[in-house]
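For the sequence shown, my numbering assigns the number 99 to the initial residue and increments by one for each residue that follows. Worksheet: one structure, shown below.
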Amino acid sequence: KRKFAEEILQNVKISYPSLFKKTNNPKFPQSSEKWTYNCKFYLNKTKHAELIAKIINDIKVLCKDHKMAYSDNKYTIFEDMGVVADADPSKEPLRDYFKLSAKNFKQPNVTDINNKPVFDEELVRDGDIVHAQVKIYAVPKDRPTLLTCELHHVKHIRHDDPIRVGSSPEDATDKFAMLLDDVAPESEELESDTIPF
Numbered sequence: 099k100r101k102f103a104e105e106i107l108q109n110v111k112i113s114y115p116s117l118f119k120k121t122n123n124p125k126f127p128q129s130s131e132k133w134t135y136n137c138k139f140y141l142n143k144t145k146h147a148e149l150i151a152k153i154i155n156d157i158k159v160l161c162k163d164h165k166m167a168y169s170d171n172k173y174t175i176f177e178d179m180g181v182v183a184d185a186d187p188s189k190e191p192l193r194d195y196f197k198l199s200a201k202n203f204k205q206p207n208v209t210d211i212n213n214k215p216v217f218d219e220e221l222v223r224d225g226d227i228v229h230a231q232v233k234i235y236a237v238p239k240d241r242p243t244l245l246t247c248e249l250h251h252v253k254h255i256r257h258d259d260p261i262r263v264g265s266s267p268e269d270a271t272d273k274f275a276m277l278l279d280d281v282a283p284e285s286e287e288l289e290s291d292t293i294p295f
């Protein structure tokens, strides 16, 4: 029975990164002790097709192992998380991407392209290309949500332009929100030198 699925994301876009200070999601306001380090990753549906398929399969396996009904309405969104469901032309660019939201109560490791620790929050900007390590956990059924995507490591590769959709962060499509959980699952500490990028 798998407790989590580790995902290594390579050459993906990062969006709205909060890697050096905790923030609150305006759509789901929380008290300050529940604020998190967080970001969104955009995976191109063509370039990252194999990785997207792996993530979807890992989620299905977690749901099956923990007796979660993947076919239930709660989980059908995982089939195509990056698609913008409405016809708003301002969000047209998002239709080429699969979106993954990740967070952590503990600050993630952030490194540059040479694997040196980064402490400058200006380095990793909205739209930049990064590698990342996340873990998707199945959390106990007594929790309000059943899956959480935990952010562990971001490696900055290069600067790039953000995806412009004509909306503010709090209005952007957030179909992956139910992967967020108020309580971080227990996990072993990860050392930065173990990240296989």
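In this text, a Cβ means the ideal position worked out from N, Cα and C, and glycines have one as well. It should be emphasised that the depicted structure is a prediction, and the values quoted were computed from it without experimental measurement.
Where does Asn109 fall in DSSP's three states? strand
Can you tell me the Cα-Cα spacing of Arg100 and Asn122, whole angstroms? 30 Å
Whole-number beta carbon distance between Val228 and Val312, since they are thought to touch under 8 Å: With the chain running from 99 to 295 in the structure shown, residue 312 is simply not present.
Between the CA atoms of Asn142 and Gln128 - distance to the nearest angstrom: 31 Å
Would you list, in sequence order, the uninterrupted beta strand (DSSP E) runs of no fewer than 3 residues that lie entirely inside the segment 196-244? 207-209, 227-236
Alpha carbon to alpha carbon, what distance is there between Lys201 and Asn136? 4 Å
First and last residue of the uninterrupted beta strand (DSSP E) at Lys94: The requested residue 94 does not occur in the structure, where the chain is confined to residues 99 to 295.
Does Tyr235 have its Cβ less than 8 Å from a Cβ in chain C? In the structure shown, chain C does not exist; there is a single protein chain.
Thinking just about the alpha-carbon of each residue, which of Tyr235, Asn212, Glu219 is nearest to the one in Thr246? Tyr235
Are Tyr114 and Lys197 touching if we call contact CB-CB under 8 Å? no
Considering only C-alpha positions, which residue in the set Ile154, Ala151, Glu190 is nearest to Ile261? Glu190
Under three-state DSSP, which class holds Val263? coil
Mapping DSSP to helix, strand and coil, what is Ser116? strand
Own chain partners of Asp259 with C-beta closer than 7 Å, once the 5 adjacent residues on each side are dropped: Gly225
Cβ-based neighbour list, Phe118, same chain, cut-off 8 Å, excluding 5 preceding and 5 following: Tyr135, Gln205, Val208, Phe217, Glu219
What are the boundary residues of the alpha helix (DSSP H) that includes Asp194? Looking at the DSSP string, Asp194 is not in any alpha helix (DSSP H), and its letter there is neither H nor E.
Just to check my reading of the structure: His254 and Leu221 have Cβ atoms closer than 8 Å, yes? What is that Cβ distance to the nearest angstrom? 6 Å
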